[in-house]
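Its first residue numbered 1, the sequence shown is counted upward by one per residue in my numbering. C-beta atoms are modelled at their ideal positions from N, C-alpha and C, and glycine is treated no differently. Computed from a predicted model, the values in this text were never measured in an experiment. These notes concern the structure reproduced below.
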Amino acid sequence: MNCPACTDHALQPTKLHDGLPAYTCMSCHGVLIDLLTYRHWAETRADDADVVHGEGETASLIEGSAQALLCTKCSHIMTKYSISGSTANKVDLCTTCHDAWLDAGEWQLLGALHLQGKLADIVTEPWQKAVRTQTVETMRDERLRSLFGDDLSRLKDLRDWLAEHPAREQALRFLRSE
Ligand SMILES: [Zn+2]
Ligand SMILES: [Zn+2]
Numbered sequence: 001m002n003c004p005a006c007t008d009h010a011l012q013p014t015k016l017h018d019g020l021p022a023y024t025c026m027s028c029h030g031v032l033i034d035l036l037t038y039r040h041w042a043e044t045r046a047d048d049a050d051v052v053h054g055e056g057e058t059a060s061l062i063e064g065s066a067q068a069l070l071c072t073k074c075s076h077i078m079t080k081y082s083i084s085g086s087t088a089n090k091v092d093l094c095t096t097c098h099d100a101w102l103d104a105g106e107w108q109l110l111g112a113l114h115l116q117g118k119l120a121d122i123v124t125e126p127w128q129k130a131v132r133t134q135t136v137e138t139m140r141d142e143r144l145r146s147l148f149g150d151d152l153s154r155l156k157d158l159r160d161w162l163a164e165h166p167a168r169e170q171a172l173r174f175l176r177s178e
């Protein structure tokens with residue numbers, strides 16, 4: 001079985017974690033994980049067992065592959081799933097073979113984000129929907145922060161205060177009329 005990213009390198013059986021076998025590409029250092037095996041491992045592991053190997057790797061330093069990958073078992077295009085709203089990295093999944101591909105450093109990234117036990121959740125539509133919502137909210141916050149700077153927290157306090165206030169509508173009308 002060849003690497004879906006390099007295509008001309010064979011994957012080597014390795015162990016990502018105790019009880020979690022995987023296939024690693026010795027050229028690009030990406031890993032292929034069988035989701036069925038993974039699920040079994042994830043169900044039996046401790047919740048806070050994320051292990052981050054490799055020092056100093058952060059989300060911004062890890063570049064994921066942007067191009068579409070082909071599953072090397074069945075040749076289908078692998079589907080990309082966003083990991084979280086805070087990183088651009090994506091998991092590639094063959095929905096036929098249930099093999100997940102992580103680029104070099106992405107397993108460690110999952111560890112840093114405490115998501116090593118959530119891989120099976122990441123490749124679901126509800127997770128992707130939540131990431132999209134989170135991304136929209138982050139963009140909105142950035143836009144507001146560029147307009148209001150540190151006053152943004154005052155604006156949010158005002159919003160929260162208004163939300164609870166019985167005369168909210170009158171207050172909004174007053175603000176608009178000024
Ligand atoms: Zn490779
Ligand atoms: Zn496949």
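>> Check this for me: beta carbons of Asp34 and Asp121, under 8 Å apart or not?
In response: no
> Hey, is the stretch 2-12 in contact with the stretch 25-32, meaning 3+ C-beta pairs nearer than 8 Å?
Replying inline: yes
>> Between the alpha carbons of Thr37 and Asp141, how many angstroms are there, rounded?
In response: 39 Å
>> Let me make sure I understand the geometry here. Which of Met1, Lys118 and Cys94 has the alpha-carbon closest to that of Ala46?
In response: Lys118
>> Once DSSP output is grouped into helix, strand and coil, what is the label at Ala120?
In response: helix
>> Beta-carbon distances below 7 Å to any heavy atom of ligand 1 define the shell here; list its residues in chain order, please.
In response: Cys3, Ala5, Cys6, His9, Cys25, Ser27, Cys28 and Gly30
> Does ligand 2 have even one heavy atom less than 7 Å from the beta-carbon of Lys80?
Replying inline: no
> Apart from the five residues on each side of it in sequence, which residues of its chain come closer than 8 Å, Cβ to Cβ, to Leu113?
Replying inline: Ala59, Ile83, Ser84, Ser86 and Thr87
>> By alpha-carbon positions, which one of Gln128, Leu155 and Glu106 ends up nearest to Leu144?
In response: Leu155
>> Let me make sure I understand the geometry here. Which of Arg39, Pro4 and Ala5 has the alpha-carbon closest to that of Pro21?
In response: Arg39
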